[in-house]
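What follows is a set of notes on a single structure, which appears directly below.
In my numbering, the protein residues as written are 395 to 704.
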């Protein structure tokens, strides 16, 4: 293929990139774009506590009807921009198909979960259940932090799904009762404007403020937390609180990622499930039980084999 043809692709792509939309399209609402809704982030030397929460999960072994996963949930609490407490919780779960449901078994706790195995008439992969369990336990960990923090920030948005609705309701009610602000900061956002462009890209063009937040909704906001940052992040927050935004900006000065809170960098790093530890666990299982598991694991190994031989 001639590489010069890519110039035509880029020229076509560039058409319309300078347009500014009139609305941001969220999942269940539209947020009007208004140049008067940008606010400069003020410095606030608050000594209030902010908790950061994130989780990770990874598949150790799997077949078409089961998945063994490692789950990690980590939190850290900051005060005066210094970490004062942290905790890592990790555990292994077995997700197994039984009739028309996935049952989730824990081996060092009393939790028990069951999920419908079908969505839109199709059987979902057991690995997806692991992601849902991880998110549920991120929310459960956030609930436990309510008594110890003034603000709680999760990695990601605060949008509710059927499987996590009850847990979110408990979190929101607990935060409301204790007057704690709950937020979610998204590293990446798929929110677009009505002209098809990224909401963050469009908003950044409309203001010259060095660091700012955009407030034209009661739950979804946008922030640029450092004047050297190239990124605009979506910030879900209940209720709105400018003091939280100020604390996030003060925590977003790390040179490796200016404009992103170091607390979230830390919890992401500590909750991440690494390939090396999954391989170590897999080797341990296979060294002792390969004969019994070999045929089941082979049922999904064919695609991996093609990747190796191609």
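Note that beta-carbon positions come from the ideal geometry of N, C-alpha and C, so glycine has one too.
query, result
"Alpha carbon to alpha carbon, how far is residue 566 from residue 595? Give it in angstroms, no decimals.", "30 Å"
"Check whether the region 553-569 and the region 479-489 are in contact - that is, three or more C-beta pairs closer than 8 Å.", "no"
"Does any C-beta atom of chain B lie closer than 8 Å to the C-beta of residue 444?", "The structure shown contains no chain B; it holds only a single protein chain."
"Per DSSP, what kind of secondary structure is residue 615 in: helix, strand or coil?", "strand"
"Between 535, 470, 586, 682, which has its C-alpha nearest residue 416's C-alpha?", "586"
"Helix, strand or coil for residue 430 per DSSP?", "helix"
"Give me the Cα-Cα distance between residue 591 and residue 627, rounded to the nearest whole angstrom.", "15 Å"
"Determine the DSSP secondary structure at residue 524, reduced to helix, strand or coil.", "helix"
"Okay, do the region 644-658 and the region 466-475 touch, 3+ Cβ pairs below 8 Å being the bar?", "yes"
"With DSSP collapsed to three states, give me the class of residue 466.", "strand"
"DSSP has residue 630 in a bridge; who is on the other side?", "578, 614"
"By how many angstroms is the C-alpha of residue 554 removed from the C-alpha of residue 562?", "7 Å"
"From residue 462 to residue 602, what distance separates their C-alpha atoms?", "50 Å"
"Residue 470 and residue 479: beta carbons closer than 8 Å?", "yes"
"Look up residue 506 in the DSSP assignment and say whether it is helix, strand or coil.", "coil"
"For residue 571, which of helix, strand or coil comes out of DSSP?", "helix"
"Report the CB separation of residue 660 from residue 446 in whole angstroms; it is logged as a contact under 8 Å.", "7 Å"
"DSSP has residue 424 in a bridge; who is on the other side?", "419"
"Locate the beta strand (DSSP E) running through residue 443, then write down its first and last residues.", "443-456"
"Are there 16 or more other CB atoms within 10 angstroms of the CB of residue 509, so buried, or fewer, so exposed?", "buried"
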